[in-house]
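Asks: Just dropping this structure here.
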Amino acid sequence: MTRDTPLETDGGDPRADGSGTAVADSAAQTDSSDESLLDSSFDVEDRSHASEDTDAIVEARDIDVYYGDEQALQSVDVAIPEKRVTAMIGPSGCGKSTFLRSINRMNDLIDAARVEGELLFDGKNVYDDDVDPVALRRKIGMVFQSPNPFPKSIYDNVAYGLEVQGKTDDVDEKVHRALERAALLDEVEDQLDESGLELSGGQQQRLCIARAIAPDPEVLLMDEPASALDPVATSKVEDLIEELAEDYTVVIVTHNMQQAARISDKTAVFLTGGELVEFDDTAKIFENPESQRVEDYITGKFG
Amino acid sequence: MGNESFDADLTRSAHGQIAKERLYHWLLFFCAALTVFVTVSIVVTLAVDAVAFFRQVDALSFFTGTEWESSRGTFGVLPLVTATLVVTAVSAIVAIPIGTAAAVYLSEYASDRMRSVLKPALEILAGIPTVVYGYLALVYLTPWLRKGGLDLSMFNLLSASIMVGIMIIPMVSSISEDAMSAVPDSLREAGYGLGATKFEVSTGVVIPAAVSGIFSSYILALSRAIGETMIVVMAGGMQARMLDLTNPFANLFNSGQTMTAAMVHAVTSDATGGTPEFYSMFAIGLTLFFVTFSMNLLSNRIAARYREEYQ
Ligand SMILES: Nc1ncnc2c1ncn2[C@@H]1O[C@H](COP(=O)(O)OP(=O)(O)O)[C@@H](O)[C@H]1O
Ligand SMILES: [Mg+2]
Chain Y
90 MTRDTPLETD GGDPRADGSG TAVADSAAQT DSSDESLLDS SFDVEDRSHA
140 SEDTDAIVEA RDIDVYYGDE QALQSVDVAI PEKRVTAMIG PSGCGKSTFL
190 RSINRMNDLI DAARVEGELL FDGKNVYDDD VDPVALRRKI GMVFQSPNPF
240 PKSIYDNVAY GLEVQGKTDD VDEKVHRALE RAALLDEVED QLDESGLELS
290 GGQQQRLCIA RAIAPDPEVL LMDEPASALD PVATSKVEDL IEELAEDYTV
340 VIVTHNMQQA ARISDKTAVF LTGGELVEFD DTAKIFENPE SQRVEDYITG
390 KFG
Chain D
3 MGNESFDADL TRSAHGQIAK ERLYHWLLFF CAALTVFVTV SIVVTLAVDA
53 VAFFRQVDAL SFFTGTEWES SRGTFGVLPL VTATLVVTAV SAIVAIPIGT
103 AAAVYLSEYA SDRMRSVLKP ALEILAGIPT VVYGYLALVY LTPWLRKGGL
153 DLSMFNLLSA SIMVGIMIIP MVSSISEDAM SAVPDSLREA GYGLGATKFE
203 VSTGVVIPAA VSGIFSSYIL ALSRAIGETM IVVMAGGMQA RMLDLTNPFA
253 NLFNSGQTMT AAMVHAVTSD ATGGTPEFYS MFAIGLTLFF VTFSMNLLSN
303 RIAARYREEY Q
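Respectively, the protein sequence lines represent chains Y and D. Just remember that our numbering sits 89 ahead of the position in the first sequence, which is counted from 1. Just remember that our numbering sits 2 ahead of the position in the second sequence, which is counted from 1.
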């Protein structure tokens, strides 16, 4: 990736703006927003309820992740507060997805991946020998970068998690509720038995969110959930995330900094080399970061 | 290419190129046309000879008759059709579960190393000449099953159809495995992310997503079983026997004659050209052709339906 161009580093990933034809436009936009970044006029939302800290539900202690011989994360320490939105930002390839996947042990699925250190969930190290990753993933839901609905009906997509987790009572009600919370129910109410693949990209991603929250996990991990969406769908998903934070702990990876500023309470900044450089209240990170490198990154001076 | 005179080069090579392209076009067209021509001629030949047969034998009694004794001039095709169905059904019972399970193992469970050993092994299985399977069925499988307590005749449809089933396992497993491997990892991740076990992901996500390919593998394998000749001739025997629905085991445990076996019989017997016994071969051949043809149609229909639903 050409990380040395300001376009890429200020979080204005052209893909985030939807279709390819919009790239030129978005370049212009991000350029101008780049100016405003330098004036540090970040639109950090006032989430007053979030000002007081809650207990950490996920805590990483000195986490290193390797893919074969290559180190993707270097001694990451972070404490993710319960029922808050925590954003992970940083240039691409800096290990954000890797960190997210180490929380619910999705890295287990990659043969080459190796995790060292402690990752506590509710105080329990999830890498202990007696932890069943399947049980862990039932408590920690995940939404992926590109929408990946099953080639099943909309209803079956949402019901799948309930089914495998044995939560088979009131399935109908739970499916409807999950779709409602994902702000999708109105649009699909009378096509629940049609294939989830027939929905638009934005609807598919909300379907995936509904699918993830239907079994009622405690934590929701989202890996750039809006990166493949157009601006309208993106703003729907963002609204949704803020609402979800009332009941869930949300950890969201994004390399759109405006998005992180808008929706998160805490922000972790990863920089190249798999280092977590700074972790603090979102307002602090965007208005007055401790680290010069973080400031440079946020103002687009470096990537 | 040279950098000499650009202009001259441009036109000369273009001329040569166009002529070559035209040649390729016709060469490729000729090969495509040849396959169509061969297929059509086969059907026409079959039909013409079958018509010669039906001049001598009443078509209705051919298609509804329950007795086949060609040397005596009794031509009821149903014993042959039902024997073929029995062989196909038993081989399906053997091949579909084992083949599908093997495909799931290869696609979802096996390590890369294991896969690199197993896949070639399965391909070897697919490359064994059917005469070898026929021999194995007659010389080993039948005696084993007898030792196991089954009251089998020397020639019997059970051994033959089990062996046909074994023969088509690689077809089911390799085509199904291709279909399962083509399921994007993002769907597996979605399943695991929801707390599904590997088995649940395999059966609840991967198989449904690959269902049209899996189904095609079944149909192809069963078409192969229907047309299989050598194994059923060698191990199944040559005696036509009408399926007794009240006691199908009698058919399995004794010798039987499939459509293909009856065709072999017609060629190898002393029957000479012109006799109905000889021409019966073509009538059976045509029947067989329509059975496999309709199975292929069916499979296309089913695959198309699932594709609509799932993609
Ligand atoms: N499955 C994998 N196998 C090997 N290396 C990987 C794999 N996934 C990611 N990496 C490497 O780990 C580093 C971090 O990747 P990732 O976590 O995807 O970054 P991000 O999400 O921040 O873009 C990159 O250098 C990437 O090449
Ligand atoms: Mg990533």
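Cβ coordinates follow ideal geometry from the N, Cα and C atoms, glycine included.
Relative to ligand 1, what is the chain-ordered list of residues with a Cβ closer than 5 Å to any of its non-hydrogen atoms?
Replies: Y156/Y, A161/Y, S181/Y, G182/Y, C183/Y, G184/Y, K185/Y, S186/Y, T187/Y, I199/Y
Asks: Please confirm if the stretch 188–206 of chain Y is in contact with the stretch 223–233 of chain Y, defined as three or more CB-CB distances below 8 Å between the two stretches.
Replies: yes
Asks: Taking the C-alpha atoms as reference points, what is the distance between S271/D and D51/D?
Replies: Taking the first residue of the second sequence as position 1, residue 271/D is located at position 269. Taking the first residue of the second sequence as position 1, residue 51/D is located at position 49. Near 18 Å, if we compare the C-alpha coordinates of D51/D and S271/D.
Asks: Just to confirm before moving on: does the CB-CB distance between V174/D and E230/D stay below 8 Å?
Replies: Taking the second sequence and counting its residues from 1, the one referred to as residue 174/D is at position 172. Taking the second sequence and counting its residues from 1, the one referred to as residue 230/D is at position 228. Not closer than 8 Å, so no.
Asks: Report yes if the C-beta of D312/Y is less than 7 Å from at least one heavy atom of ligand 2; otherwise report no.
Replies: Translated into the one-based positions of the first sequence, residue 312/Y becomes position 223. Checking the 7 Å criterion, the Cβ of D312/Y is within range of a heavy atom belonging to ligand 2.
Asks: From A212/D to S113/D, what distance separates their C-alpha atoms?
Replies: Locating residue 212/D in the second sequence gives position 210, where the first residue counts as 1. Locating residue 113/D in the second sequence gives position 111, where the first residue counts as 1. The alpha-carbon atoms of A212/D and S113/D are separated by roughly 20 Å.
Asks: Three or more C-beta pairs closer than 8 Å, one from the stretch 235–243 of chain Y and one from the stretch 272–283 of chain Y: is that the case here?
Replies: yes
Asks: Taking the alpha-carbon of C297/Y as reference, which of P238/Y, E331/Y, G182/Y has the nearest alpha-carbon?
Replies: Here residue 297/Y corresponds to residue number 208 of the first sequence, with the count starting at 1. Comparing Cα-Cα distances from C297/Y to each of P238/Y, E331/Y, G182/Y, the minimum goes to P238/Y.
Asks: Taking S188/D as the query, report the chain Y residues whose CB atoms sit under 8 Å from its CB, ordered along the chain.
Replies: Your numbering for residue 188/D matches position 186 in the second sequence. By Cβ distance, chain Y contributes F233, S235, N237.
Asks: Applying a beta-carbon distance threshold of less than 7 Å, which residues of chain Y neighbour Y194/D?
Replies: Sequence index remark: in the second sequence, residue 194/D carries index 192 (1-based). The contacting residues are M195, L198, R226.
Asks: Going by DSSP, which residues form a beta bridge with Q163/Y?
Replies: For this step, residue 163/Y is matched to residue 74 along the first sequence. E364/Y.
Asks: Mind listing which residues of the stretch 92–110 of chain D have their C-beta closer than 8 Å to chain Y's C-betas, in chain order?
Replies: none
Asks: Give a yes or no on whether 8 Å exceeds the smallest Cβ distance from G290/Y to chain D.
Replies: As a working note, residue 290/Y is residue 201 in the first sequence. No, because no Cβ of chain D sits closer than 8 Å to the Cβ of G290/Y.
Asks: Between the alpha carbons of S178/D and F217/D, how many angstroms are there, rounded?
Replies: By one-based count along the second sequence, residue 178/D stands at place 176. By one-based count along the second sequence, residue 217/D stands at place 215. Taking the straight line joining both Cα atoms gives about 8 Å.
Asks: Taking Cβ positions, are R115/D and L108/D nearer each other than 8 Å?
Replies: Sequence index remark: in the second sequence, residue 115/D carries index 113 (1-based). Sequence index remark: in the second sequence, residue 108/D carries index 106 (1-based). No; because the gap between Cβ atoms is not below 8 Å, this pair is not in contact.
Asks: Using 8 Å for Cβ pairs, my map puts G67/D next to V83/D. What's the rounded Cβ distance?
Replies: Position 65 of the second sequence, counting from 1, holds the residue named residue 67/D. Position 81 of the second sequence, counting from 1, holds the residue named residue 83/D. Actually they do not touch by this definition, with Cβ atoms about 11 Å apart.
Asks: Note down, in chain order, each residue of its chain lying with its Cβ closer than 8 Å to the Cβ of E332/Y, except the 5 sequence neighbours on either side.
Replies: Within the first sequence, the letter at position 243 stands for residue 332/Y. Answer for E332/Y: R270, listed in chain order.
Asks: Which bits of chain D does Q163/Y rub up against, with CB to CB less than 9 Å?
Replies: Translated into positions along the first sequence, residue 163/Y becomes position 74. Those within 9 Å of Q163/Y in chain D number zero; the least Cβ separation is about 25 Å.
Asks: In the structure shown, what three-state DSSP assignment does Y155/Y receive?
Replies: Within the first sequence, the letter at position 66 stands for residue 155/Y. Of the three classes helix, strand and coil, the one that applies to Y155/Y here is strand, per DSSP.
Asks: Can you tell me whether F201/D is buried or exposed? The criterion is at least 16 other CB atoms within 10 Å of its CB, across all chains shown.
Replies: If you number the second sequence from 1, residue 201/D lands on position 199. By the C-beta density criterion, F201/D is exposed, having fewer than 16 other C-beta atoms within 10 angstroms.
Asks: Report the CB separation of I338/Y from D354/Y in whole angstroms; it is logged as a contact under 8 Å.
Replies: For the purposes of this step, residue 338/Y is identified with residue 249 of the first sequence, where counting begins at 1. For the purposes of this step, residue 354/Y is identified with residue 265 of the first sequence, where counting begins at 1. What sits at residue 338/Y in the sequence shown is Thr, not Ile. Incorrect: roughly 10 Å between the Cβ atoms, too far for contact.
Asks: Where DSSP assigns a beta bridge to I286/D, which residues make up the other side?
Replies: Taking the second sequence and counting its residues from 1, one reaches residue 286/D at position 284. Its beta-bridge partners do not exist; DSSP assigns none.
Asks: Within 10 angstroms of the Cβ of T294/Y, are there 16 or more other Cβ atoms? Answer buried if so, exposed if not.
Replies: The residue labelled residue 294/Y in the question sits at position 205 within the first sequence. Strictly speaking, residue 294/Y in this sequence is Gln, with Thr absent from that position. Answer is buried; the Cβ neighbour count reaches 16.
Asks: Using a Cβ-based criterion (distance less than 7 Å to any ligand heavy atom), does V293/D qualify as near ligand 2?
Replies: By one-based count along the second sequence, residue 293/D stands at place 291. Result no, Cβ not under 7 Å from ligand 2.
Asks: Using a threshold of 8 Å, state whether the C-beta atoms of A85/D and G197/D are closer than that.
Replies: To locate residue 85/D, count along the second sequence from 1; it is residue 83. To locate residue 197/D, count along the second sequence from 1; it is residue 195. Taking 8 Å as the Cβ cut-off, A85/D and G197/D do not qualify as a contacting pair.
Asks: Does the beta carbon of G250/Y come closer than 8 Å to any beta carbon on chain D?
Replies: Against the first sequence, residue 250/Y aligns to sequence position 161. At least one chain D Cβ lies under 8 Å of G250/Y.
Asks: Applying a beta-carbon distance threshold of less than 7 Å, which residues of chain Y neighbour T199/D?
Replies: For the purposes of this step, residue 199/D is taken as residue 197 along the second sequence, with counting starting at 1. Within 7 Å Cβ-Cβ: V223.
Asks: If you check the beta carbons only, do I169/Y and G206/Y fall under 8 Å apart?
Replies: Counting from one through the first sequence, the residue named residue 169/Y turns up at place 80. Counting from one through the first sequence, the residue named residue 206/Y turns up at place 117. No, Cβ-Cβ distance for I169/Y and G206/Y is not below 8 Å.
Asks: Is the closest heavy atom of ligand 2 to the C-beta of V264/Y under 7 Å?
Replies: Taking the first sequence and counting its residues from 1, one reaches residue 264/Y at position 175. Because no heavy atom of ligand 2 lies under 7 Å away, the Cβ of V264/Y does not count as near it: no.
Asks: By DSSP, does I199/Y sit in helix, in strand, or in coil?
Replies: The residue given as residue 199/Y occupies position 110 in the first sequence. Three-state result, I199/Y: coil.
Asks: Please confirm whether Q254/Y has its beta-carbon closer than 8 Å to some beta-carbon of chain B.
Replies: Absence of chain B from the displayed structure is noted, the protein chains being Y and D.
Asks: Determine which residues share a DSSP beta bridge with G230/Y and list them.
Replies: To locate residue 230/Y, count along the first sequence from 1; it is residue 141. Residue pairing from DSSP places G230/Y in a beta bridge opposite L309/Y.
Asks: Quick one: using the 10 Å Cβ neighbour count with 16 as the cut-off for buried, is L25/D buried or exposed?
Replies: Against the second sequence, residue 25/D aligns to sequence position 23. Classification for L25/D: exposed.
Asks: Note down, in chain order, every chain D residue with its Cβ under 7 Å from the Cβ of K241/Y.
Replies: Stepping through the first sequence from its first residue, residue 241/Y is reached at position 152. Under the 7 Å cutoff, chain D gives P210.
Asks: Would T248/D be called buried (16 or more neighbouring beta carbons within 10 Å of its own) or exposed?
Replies: Along the second sequence, one-based indexing puts residue 248/D at 246. The residue in question, T248/D, is exposed, as its Cβ has fewer than 16 Cβ neighbours within 10 Å.
Asks: Going by other Cβ atoms of all chains shown within 10 Å of its Cβ, with 16 needed for buried, is S137/Y buried or exposed?
Replies: For this step, residue 137/Y is matched to residue 48 along the first sequence. Low confidence applies here, because S137/Y scores a pLDDT of 47, under 50, leaving its location unreliable; read the following figure in that light. That one is exposed.
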